[in-house]
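Enquirer: Per my numbering, the sequence shown starts with residue 1, numbered consecutively.
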Amino acid sequence: MTSSSFAKQFVPALFVVSLVLLLTASTAGAAAPQYTNPLIQQRADPHIYKHTDGYYYFTASVPEYDRIILRRAKTIQGLATASETVIWRKHASGEMAAHIWAPEIHFINGKWYIYFAAGASNDIWRIRIYALENASANPLSGTWTEKGRIYTHVDSFALDATTFEHNGQRYMLWAQKDPESNLYIAKMSSPTTLILPAVLIAKPQYSWETQGFWVNEGPAVIKRNGKIFVAYSASKTDDRYCLGLLTASANSDLLNPASWTKSPNPVFTSNEKTSQYGPGHNSFVVAEDGQSDILVHHARNYKTIVGDPLYDPNRHTRVQKLYWNADGTPNFGIPVAEGVTPFRFKSHNLPSYVIRHWEYRAKLETNVSNLGDSQFRLVPGLAGSGTVSFESANFPGYYLRHKNFELWVEKSDGSTSFKNDASFHQRAGLADSSGLSFESYNYPGRYIRHYDYLLYVQTLTTTTDRSDATFHLD
1 MTSSSFAKQF
11 VPALFVVSLV
21 LLLTASTAGA
31 AAPQYTNPLI
41 QQRADPHIYK
51 HTDGYYYFTA
61 SVPEYDRIIL
71 RRAKTIQGLA
81 TASETVIWRK
91 HASGEMAAHI
101 WAPEIHFING
111 KWYIYFAAGA
121 SNDIWRIRIY
131 ALENASANPL
141 SGTWTEKGRI
151 YTHVDSFALD
161 ATTFEHNGQR
171 YMLWAQKDPE
181 SNLYIAKMSS
191 PTTLILPAVL
201 IAKPQYSWET
211 QGFWVNEGPA
221 VIKRNGKIFV
231 AYSASKTDDR
241 YCLGLLTASA
251 NSDLLNPASW
261 TKSPNPVFTS
271 NEKTSQYGPG
281 HNSFVVAEDG
291 QSDILVHHAR
301 NYKTIVGDPL
311 YDPNRHTRVQ
321 KLYWNADGTP
331 NFGIPVAEGV
341 TPFRFKSHNL
351 PSYVIRHWEY
361 RAKLETNVSN
371 LGDSQFRLVP
381 GLAGSGTVSF
391 ESANFPGYYL
401 RHKNFELWVE
411 KSDGSTSFKN
421 DASFHQRAGL
431 ADSSGLSFES
441 YNYPGRYIRH
451 YDYLLYVQTL
461 TTTTDRSDAT
471 FHLD
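If you want it as structure tokens, here you go:
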């Protein structure tokens, strides 16, 4: 069974498990975020904006490239079923008449703005950046006014505009061909006017940025830990599409190219094990807990594309938690499989340590750079009877199971003994009721616990034992 068919078969039950988990985790505060992917089908270049009115606003490219849509909901998951409103359609002729791409919605100085790219009726590849404005409190209503073109430093193919504020100054970032697709930054004097000249901060230079096409595009900004990070997309929009990362100090001159450092390797790439291909054109948003950062992106669930990938409609919107390394840099991990998103399980008494697998042995470790090793999906227990099982995020079909009372990650062989060994009853945390503990299904009274940083199923007698057997969702 593929990971995709597994997700489709168990999605209804997983919703129930997710709800139970979130209610359990929320007893002491905010729930660990969990979502179901794909969030929205056939919506590429996704952008989610969290506003002060308590709503999440969503826009993206549609396969027809002929209109701009908006959704809103009180939760990120709610966007999946929220009604969709068409707020603008392409012109019949002239400018803004073709290839309506990559809209982003922002709230600036009391008004809503959407930045998008569009081609012309007489030249669909004459792509330029344009803006819409709406003064209504609810951008799904009111009037959207065309503010015309955003004029950049050169009249050439330009797209993927985004904006951010830093130290009281608003900036725009975008992609533009000169001659390849590079990334540029400029200050803004108004929400629709740049202060030129623009500054080149990145151009395709590594082999992973030049697959099919030489491309740096789709910049997305997140500010954390005294740094400004810009994720961007590289290469052709097939399975070679991926994310790269730029970094600048928050105290630096953002218009100085020397302030920006490009990571030499991609940070988010296709993953055959999870059946996610061409992940890219992302945005960032804060989760409902007000703390967790969420990576929003698109990807396909198949590798082979017939024809031009630009016109393949199945780039679906997906979301997953973004984690942070001990050095303050973002850890994107892998594009997770379809279905519910995974968790990390933090030790109650060693809170900087999480469960991870290493050479298939389950253990506790801190600063896990290979994020997928420390992520597990809680799925309906393989043995049934109201149990849960831990499915590895980076090895779908592999589960935590006990063997001689040691915890290992192994591929299910479908046997009754494996199912029983890989199933656990979820309990309130034995040392802290806001956490979770997991009792063996086939050895009642034995719980998952850590001992000398390795995981076992053991009987518990002391306060330390109960702390060792308590975990928190992350």
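Beta carbons: idealized from backbone N, C-alpha and C, even for Gly.
Predicted model, so just to flag it, every value in this text is computed and none were measured.
If the criterion is Cβ atoms closer than 8 Å, does the pair LEU70 and ILE87 meet it?
Expert: Your numbering for residue 70 matches position 70 in the sequence shown. Your numbering for residue 87 matches position 87 in the sequence shown. Yes, they are a contact pair.
Enquirer: Out of LEU159, VAL154, GLY142, ASN138, which one is the CA nearest neighbour of ALA131?
Expert: Here residue 131 refers to the residue found at position 131 of the sequence shown. The candidate whose alpha carbon is nearest that of ALA131 is LEU159.
Enquirer: Counting Cβ pairs, one atom from each stretch, are 3 or more of them under 8 Å apart for the segment 46-63 and the segment 101-110?
Expert: In short, these stretches touch, since the Cβ pair count reaches three.
Enquirer: Please decide whether ASP468 counts as near chain B, where near means a Cβ-Cβ distance under 8 Å.
Expert: The structure shown has no chain B; it contains just one protein chain.
Enquirer: CA-CA distance, SER207 and GLY384?
Expert: Numbered from 1 along the sequence shown, position 207 holds the residue referred to as residue 207. Numbered from 1 along the sequence shown, position 384 holds the residue referred to as residue 384. Those two C-alpha atoms are separated by around 48 Å.
Enquirer: Expressed to the nearest angstrom, what Euclidean distance is found between the alpha-carbon atoms of GLU95 and ASN370?
Expert: Along the sequence shown, read from residue 1 onward, the residue named residue 95 stands at position 95. Along the sequence shown, read from residue 1 onward, the residue named residue 370 stands at position 370. For GLU95 and ASN370, the distance between alpha carbons rounds to 46 Å.
Enquirer: So, does the segment 303-320 touch the segment 344-354, judging by three or more C-beta pairs under 8 Å?
Expert: No, the segment 303-320 does not touch the segment 344-354.
Enquirer: Hey, how far is the Cα of THR475 from the Cα of ALA117?
Expert: Limits of the chain in this structure are 1 at one end and 474 at the other, which puts residue 475 out of reach.
Enquirer: Does DSSP put GLU95 in a helix, a strand or coil?
Expert: Position 95 of the sequence shown, counted from the start, is the residue given in the question as residue 95. Looking at GLU95 - three-state DSSP - the assignment turns out to be coil, as it is neither helix nor strand.
Enquirer: By the three-class DSSP mapping on this structure, what secondary structure does LYS419 have?
Expert: Looking up residue 419 in the sequence shown gives position 419. Reduced to three states, the DSSP call for LYS419 is helix.
Enquirer: I'd like to check one pair, ALA31 with ASP289: are the Cβ atoms closer than 8 Å?
Expert: The count along the sequence shown starts at 1 and reaches residue 289 at position 289. The count along the sequence shown starts at 1 and reaches residue 31 at position 31. Contact: yes.
Enquirer: Starting from the Cα of PRO410, find the closest Cα among LYS419, GLY386, TYR398 and give me that residue.
Expert: The residue labelled residue 410 in the question sits at position 410 within the sequence shown. A quick correction: the sequence has Glu, not Pro, at residue 410. Taking only the C-alpha atoms, the option nearest GLU410 is TYR398.
Enquirer: Given this structure, state the Cα-to-Cα distance separating TRP324 from TYR451, to the nearest angstrom.
Expert: As a working note, residue 324 is residue 324 in the sequence shown. As a working note, residue 451 is residue 451 in the sequence shown. Going from the Cα of TRP324 to the Cα of TYR451 covers about 26 Å.
Enquirer: Which of helix, strand or coil does DSSP assign to GLU209?
Expert: Position 209 of the sequence shown, counted from the first residue, corresponds to residue 209. In the structure shown, GLU209 sits in a helix (DSSP, three-state: H, G or I).
Enquirer: Going by CA-CA distance only, name the one from PHE229, SER141, ILE127, SER423 that's closest to LEU295.
Expert: For this step, residue 295 is matched to residue 295 along the sequence shown. Measuring from the Cα of LEU295, the nearest candidate turns out to be PHE229.
Enquirer: Between which residues of its own chain and ASN225 is the CB-CB distance below 6 Å, once the five residues before and five after are set aside?
Expert: As a first step, residue 225 is located in the sequence shown; it is residue number 225 there, counting from the start. Contacts found: GLY328.
Enquirer: Checking the sheet assignment: what are the DSSP bridge partners for PHE376?
Expert: Translated into positions along the sequence shown, residue 376 becomes position 376. Answer is PHE343, SER392, bridged to PHE376.
Enquirer: Rounded to the nearest angstrom, what separates ASP253 and LYS177 at their Cα positions?
Expert: In the sequence shown, counting from the first residue as 1, residue 253 sits at position 253. In the sequence shown, counting from the first residue as 1, residue 177 sits at position 177. Going from the Cα of ASP253 to the Cα of LYS177 covers about 24 Å.
Enquirer: For ALA28, which of helix, strand or coil comes out of DSSP?
Expert: For this step, residue 28 is matched to residue 28 along the sequence shown. Confidence is the limiting factor: at ALA28 the pLDDT is only 41, short of 50, which leaves the residue's position unreliable and the question unanswerable from this model.
Enquirer: Could you tell me the alpha carbon to alpha carbon distance between THR162 and ASN282, rounded to whole angstroms?
Expert: Walking along the sequence shown from the start, residue 162 turns up at place 162. Walking along the sequence shown from the start, residue 282 turns up at place 282. Straight-line Cα distance between these residues: approximately 11 Å.
Enquirer: Leaving out the 5 sequence neighbours to the left and right, which residues in its chain are closer than 6 Å to LYS346 when beta-carbon positions are compared?
Expert: Residue 346 sits at position 346 when you count from the first residue of the sequence shown. Cβ neighbours of LYS346 beyond the five flanking positions: VAL354, HIS472, ASP474.
Enquirer: Of the residues ARG344, LYS403, ASP239, which one's Cα is nearest the Cα of GLN34?
Expert: Counting from one through the sequence shown, the residue named residue 34 turns up at place 34. Measuring from the Cα of GLN34, the nearest candidate turns out to be ARG344.
Enquirer: Please name the residue or residues paired with TYR56 in a DSSP beta bridge.
Expert: Reading the sequence shown from its first residue, position 56 is the one you call residue 56. The partner list for TYR56 (beta bridge, DSSP) reads LYS50, ALA73.
Enquirer: Taking 8 Å as the threshold (C-beta atoms), are TYR56 and ALA80 in contact?
Expert: Within the sequence shown, the letter at position 80 stands for residue 80. Within the sequence shown, the letter at position 56 stands for residue 56. For ALA80 and TYR56, no; Cβs fall outside 8 Å.
Enquirer: According to DSSP, is ALA231 part of a helix, a strand, or is it coil?
Expert: On the sequence shown, residue 231 is found 231 positions in, with the first residue counted as 1. ALA231: strand per DSSP, three-state reduction.
Enquirer: Return the Cβ separation of ALA120 and ALA135 in integer angstroms, given the expectation that the two are a contact with Cβ distance under 8 Å.
Expert: Within the sequence shown, the letter at position 120 stands for residue 120. Within the sequence shown, the letter at position 135 stands for residue 135. Wrong, their Cβ atoms sit about 28 Å apart, outside the cutoff.
Enquirer: Cutting at 6 Å between CB atoms, please list the residues of its own chain near PRO197, excluding the five before and the five after it.
Expert: Translated into positions along the sequence shown, residue 197 becomes position 197. Once the five neighbours on either side are set aside, the close Cβ partners of PRO197 are HIS153.
Enquirer: Who are the Cβ neighbours of GLY372 in its own chain at under 7 Å, not counting the five residues just before and after it?
Expert: For this step, residue 372 is matched to residue 372 along the sequence shown. Correct list, in chain order: GLY333, ILE334, ALA393, ASN394.
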